[in-house]
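First to last, the protein sequences are chains Y and C. Take the first sequence: its letters are residues 1 to 200, numbered as in this note's numbering. Take the second sequence: its letters are residues 1001 to 1200, numbered as in this note's numbering.
There are 2 protein chains.
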Amino acid sequence: MNYYPKTIRNAIRSISKLPGIGEKTAERLALHILRAPRAEAEQLARSIVELKEKTLLCRRCFGLSDAPVCGICSNAGRSEHMLCVVEQPSDLVSVEKSGAFNGLYFVLGGTLSPMDGIGPGELRIRELASRVAEGSVREIILATSTTVQGESTSAYLAETLKRYPLKISRIASGVPIGGDLKYVDQVTLRRAMEGRRDVT
Amino acid sequence: MNYYPKTIRNAIRSISKLPGIGEKTAERLALHILRAPRAEAEQLARSIVELKEKTLLCRRCFGLSDAPVCGICSNAGRSEHMLCVVEQPSDLVSVEKSGAFNGLYFVLGGTLSPMDGIGPGELRIRELASRVAEGSVREIILATSTTVQGESTSAYLAETLKRYPLKISRIASGVPIGGDLKYVDQVTLRRAMEGRRDVT
């Protein structure tokens, strides 16, 4: 580090703060940027600033967006009757990548976790209820994680929303595709047995 | 990529242009920056811009510097009688990291490579000669690579500089430390035999 002038040391220090990037890699990247065309370095710097400044949360689904209402919520081709509830914006992206869902989303903002002081008031449960009260949603798919917190959040939501005339479903859990039964844990296998489907 | 708003897509695209960083890693880094404090993202962006804008070449040695004369050239504690000639600024850093040299450097800017149109005029050979003509240098250490181009550049420099009253040396080549003879190539082994030293 000390073998470089200050400008390079600063860049190495900033870059190595990124997750999974050590000092050696940061050094390599800094020297690359130094050799790269000025426009490329400026574009990189600008995109980092804009990433922070211009990324918003969609006011409908609370997912990541660059406009007040995101591309999914404003897409008339998607079914407004199905609402998939996820924990975080990144979970929305995961479901979206699967290509298995053509409805709308709602990002809860986390899971219930009394140990960490996160109760229903810390999540967007009130916002979810008013969204449902609008009346266009006919099915809620609870796509929180299958962790203890995700499961209990899902159960809590199912209980809270049951006063609305809705179908409420939970994503299936079981053996992952490509999974060898030898390596699947017992809880998952028990779930897979309980959730078995008739194939005859 | 298309599952993200434009600000995030732009950041992913810029970050994934860096060497050794694929789209998956770029996605992870962009989402990290999005969650990181604003000051950290701005610091990263600023250091990238300053890296390009404020890094200069030292006018004595042509190494990387943030001032007209670099920290090594302006360090009175280093011997001005020894001058180590390297190809690139990064080679200067490599020699410096070894801690084996306390003299000054001269960055040539490349190696002779007639096939690529790089002759003596394209390198800083004239600048090196005038540096030597100043009179304080007593030994030149030729530390170009041990590639074909590096070797021939070294030979060319030795020939060009022999009219000055100088000791001219070349870094040793041989078996790398920790190297198993089984895996050392024949040319290196031949060099190691030729360059053998008396240990009695």
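The beta carbon of each residue, even a glycine, is placed where N, CA and C say it ideally should be.
Would DSSP call residue i helix, strand or coil?
{"i": "V1086(C)", "result": "strand"}
{"i": "L1157(C)", "result": "helix"}
{"i": "Y105(Y)", "result": "strand"}
{"i": "S169(Y)", "result": "strand"}
{"i": "S1098(C)", "result": "helix"}
{"i": "E139(Y)", "result": "strand"}
{"i": "I177(Y)", "result": "coil"}
{"i": "I12(Y)", "result": "helix"}
{"i": "I1021(C)", "result": "coil"}
{"i": "I72(Y)", "result": "coil"}
{"i": "L64(Y)", "result": "strand"}
{"i": "S1113(C)", "result": "strand"}
{"i": "L56(Y)", "result": "strand"}
In chain Y, which residues lie with their C-beta within 8 Å of the C-beta of residue i?
{"i": "V1049(C)", "result": "A41, E42 and A45"}
{"i": "V1093(C)", "result": "Y3 and Y4"}
{"i": "P1019(C)", "result": "R28, L29 and H32"}
{"i": "R1038(C)", "result": "K52"}
On the criterion of 16 or more Cβ atoms from any shown chain inside 10 Å, does residue i qualify as buried, or is it exposed?
{"i": "S65(Y)", "result": "buried"}
{"i": "I1177(C)", "result": "exposed"}
{"i": "K1052(C)", "result": "buried"}
{"i": "V187(Y)", "result": "exposed"}
{"i": "T1200(C)", "result": "exposed"}
{"i": "V148(Y)", "result": "exposed"}
{"i": "N75(Y)", "result": "exposed"}
{"i": "R190(Y)", "result": "exposed"}
{"i": "R131(Y)", "result": "buried"}
{"i": "G20(Y)", "result": "exposed"}
{"i": "A39(Y)", "result": "exposed"}
{"i": "Y1004(C)", "result": "buried"}
{"i": "E1050(C)", "result": "buried"}
{"i": "N10(Y)", "result": "buried"}
{"i": "L34(Y)", "result": "buried"}
{"i": "S98(Y)", "result": "exposed"}
{"i": "E1134(C)", "result": "exposed"}
{"i": "L157(Y)", "result": "buried"}
{"i": "A30(Y)", "result": "buried"}
{"i": "G179(Y)", "result": "exposed"}
{"i": "A1041(C)", "result": "buried"}
{"i": "L181(Y)", "result": "exposed"}
{"i": "G150(Y)", "result": "buried"}
{"i": "G1063(C)", "result": "buried"}
Show which residues of chain C have a CB atom less than 8 Å away from the CB atom of residue i.
{"i": "E96(Y)", "result": "Y1003"}
{"i": "A11(Y)", "result": "S1047, I1048, E1050 and L1051"}
For residue i, which residues in chain C fall below 7 Å Cβ to Cβ?
{"i": "D66(Y)", "result": "P1005, K1006 and T1007"}
Residues of chain Y with a CB under 7 Å from the CB of residue i: which are they?
{"i": "C1084(C)", "result": "Near C1084(C) there are no residues of chain Y at all, since even the closest Cβ is about 14 Å away, more than 7 Å."}
{"i": "S1090(C)", "result": "L31"}
{"i": "K1054(C)", "result": "T7"}
{"i": "S1014(C)", "result": "Q43, L44 and S47"}
Since I believe residue j is in contact with residue i (beta carbons under 8 Å), could you give me their beta-carbon distance rounded to a whole number of angstroms?
{"i": "E87(Y)", "j": "G110(Y)", "result": "6 Å"}
{"i": "L1108(C)", "j": "V1085(C)", "result": "6 Å"}
{"i": "G22(Y)", "j": "S14(Y)", "result": "With 8 Å as the limit, G22(Y) and S14(Y) do not qualify as a contact, their Cβ atoms being about 14 Å apart."}
{"i": "A26(Y)", "j": "I12(Y)", "result": "5 Å"}
What in chain Y is Cβ-close to residue i, meaning under 9 Å?
{"i": "C1070(C)", "result": "P5"}
Inset, instruction - Could you say if the region 76 to 88 of chain Y and the region 1034 to 1054 of chain C meet the contact criterion of at least three C-beta pairs nearer than 8 Å? - result: Segments in contact, no.
Inset, instruction - May I ask you to verify whether the region 86 to 97 of chain Y touches the region 139 to 152 of chain Y, counting CB pairs closer than 8 Å and requiring at least 3? - result: Proximity of the region 86 to 97 of chain Y to the region 139 to 152 of chain Y meets the contact definition, three or more beta-carbon pairs being nearer than 8 Å.
Inset, instruction - Spell out a yes or no on whether the region 1099 to 1108 of chain C and the region 1167 to 1174 of chain C are touching, meaning 3 or more CB-CB pairs, one atom from each, closer than 8 Å. - result: Using a Cβ-Cβ distance cut-off of 8 Å, the region 1099 to 1108 of chain C and the region 1167 to 1174 of chain C are not in contact, since fewer than three pairs of beta carbons, one from each stretch, lie closer than that value.
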